[in-house]
DNA sequence: GGGTCTATTGGCCGATCGGACAATAGCGCG
DNA sequence: CGCGCTATTGTCCGATCGGCCAATAGACCC
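Chains as they are written, first to last, in the numbering used here: chain B, 1 to 209; chain P, 210 to 418.
Structure, rendered in structure tokens:
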């Protein structure tokens, strides 16, 4: 076994209890050191600048700047930064966004310790790791067509109770076009009506509470 | 200072990492001992039977039996059981359900360590504790009328894309009555149509992803 | 005992929806 | 340079929705 350098890890999560616990668990792991903790995106990036750790363990849901935004900004400044997302959400959209934003890996918080440690090491080595339960969800989502940006915009308005005519006015298009987008949504989300479309939107993570 | 007996605590959460960390943190706290951990409701209750701890720290969202159901079953068997809910959700409905099911307290996972420990002690002492951020959410929800059981049932069907006629058939009532329930939902949730009602349902925690 | 709330039902009607038909323009990919 | 996808718009139509009127019965609280 060659002498593997210790992995220096930056822990970012807005749950103090989880953070403390996690730091403790990880520091026990030989070859991993938690060099700092942050509870929001801004301080996470500031700490990265200062400490240049090997990897960031990043939560998706945080107050202020969320996980994705943090990830994007970090990668804009440090394109080689390795980041492992550690989150509660298995929503396909969240996973897709995270990976597109440059995440090196994505695991949910119910992973076992060994898996988490393995994932951290793999991400540091430059690999792409995705938790298996996450991967399953992702595969399920891929089956039916992807929702386009415009459709997502329309879904957001449907959610707010706007009629097709309203949506047309708000987006500067005809009612008929709005109708077409809603129709596409119903099809892609396999919904019978707009109410079910909204429900599916939440289920898939297209819409957030 | 009189000799206060050590609080024996049962930790229930389906996130192994959080559990390990939390156990560590709490065991550090003088006067608190984590006597066991469980990752689902059934084993939580079994452990309670065997160990008779002083308090349970219980997560809301778990695979299989969820937190509320676990709480209900536990309280049915041990009406005096002290349970502190520790969860990510601030949804008023979740809080209401938990308190109605006999929870002694309700705090979110982003509490600081000191607050958590204080909450544990208070619950053990028989008090009702509610995190302040939680309390705020709860107060906001109280403003508009409460949704009845029947209406909630209807909302669940609306979510699935059923028409009023469908709902009537499914519930063994007339279409007109289903319509009345939907109308009541629109009013209470301040929604313009069923799509918005579904959205509000998710926002309020009436509906789960 | 009276008031409040929920669940139930009826009819009427204009507004809205969702499906089916069909068509044009722009964009990225190979 | 076609091929496919997205965005756009149109018309017609039956189904559905949501608001309006009003009414009865049971449960629960003060």
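Ideal Cβ placement from N, Cα and C applies to all residues, glycine included.
Kindly indicate which three-state DSSP category residue 51(B) falls into: helix, strand or coil? helix
Go to residue 307(P), then tell me how far its alpha helix (DSSP H) extends in each direction, as first and last residue. 301–309
How would you write the range of the beta strand (DSSP E) that residue 33(B) sits in, first residue to last? That run of the beta strand (DSSP E) goes 32–38.
In chain order, what residues of the same chain lie with their CB nearer than 7 Å to the CB of residue 359(P), ignoring the 5 residues before and after it? 390
Kindly list, in the order they appear in chain B, the residues whose Cβ is closer than 8 Å to that of residue 345(P). Within chain B, no residue comes near residue 345(P); the closest Cβ sits about 14 Å away, beyond 8 Å.
With residue 296(P) as the anchor, note down where its beta strand (DSSP E) starts and where it stops. 292–296
Taking buried to mean at least 16 other C-beta atoms within 10 Å of its own C-beta, is residue 124(B) buried or exposed? Burial of residue 124(B) is indicated by the presence of at least 16 other C-beta atoms within 10 angstroms of its C-beta.
Is residue 160(B) closer than 8 Å to residue 90(B) when the C-beta atoms are compared? With respect to the 8 Å criterion, residue 90(B) and residue 160(B) are not classified as neighbours on the basis of their beta carbons.
Helix, strand or coil for residue 129(B)? Go by DSSP, reduced to three states. strand
Can a CB atom of chain B be found closer than 8 Å to the CB of residue 227(P)? yes
What beta strand (DSSP E) runs, 3 residues minimum, are completely inside the region 5–32 of chain B? 7–12
What number of angstroms, rounded off, separates the C-alpha of residue 400(P) from the C-alpha of residue 406(P)? The alpha-carbon atoms of residue 400(P) and residue 406(P) are separated by roughly 5 Å.
When you check each C-beta in the region 82–110 of chain B against every C-beta of chain P, which residues fall closer than 7 Å? Listed by position, the residues of the region 82–110 of chain B near chain P (Cβ gap below 7 Å) are 88, 109, 110.
Rounded to the nearest angstrom, what separates residue 65(B) and residue 73(B) at their Cα positions? 10 Å
Should residue 309(P) be labelled buried (16 or more other beta-carbon atoms within 10 Å of its own) or exposed? exposed
Amino acids of chain B, ordered along the chain, whose beta-carbon sits closer than 9 Å to that of residue 230(P): 17, 18, 19, 20, 21, 22, 23, 24, 25
Under 8 Å, do residue 84(B) and residue 117(B) count as touching if we go by C-beta distance? no
Comparing C-alpha positions only, which one of 76(B), 47(B), 94(B) sits nearest to residue 67(B)? 94(B)
What residues are listed by DSSP as bridge partners for residue 266(P)? Residue pairing for residue 266(P): DSSP places it in a beta bridge opposite 220(P), 293(P).
According to the Cβ coordinates, are residue 221(P) and residue 247(P) closer than 8 Å? yes
Does chain B have any CB closer than 8 Å to the CB of residue 223(P)? Interface residue, yes.
Quick one, are the C-beta atoms of residue 195(B) and residue 404(P) less than 8 Å apart? yes
Checking 8 Å against the spacing of the C-beta atoms, do residue 129(B) and residue 156(B) come in under that value? no
Identify which residue in 98(B), 79(B), 209(B) has its Cα closest to the Cα of residue 415(P). 209(B)
Span of the alpha helix (DSSP H) holding residue 386(P)? Note, residue 386(P): alpha helix (DSSP H), 384–397.
Chain-ordered residues of the region 370–398 of chain P with a beta carbon less than 7 Å from chain B: Here the close residues are 370.
Strictly under 8 Å for the Cβ-Cβ distance: is residue 251(P) near chain B by that measure? no
Expected contact under 8 Å - CB spacing of residue 60(B) and residue 87(B) to nearest Å: Rounded, the Cβ-Cβ distance is 4 Å, consistent with contact.
Residue from 134(B), 28(B), 109(B) whose Cα sits closest to the Cα of residue 96(B): 134(B)
Are any of the Cβ atoms in chain B nearer than 8 Å to that of residue 278(P)? no
Identify the continuous alpha helix (DSSP H) that holds residue 156(B) and give its terminal residues. 149–159
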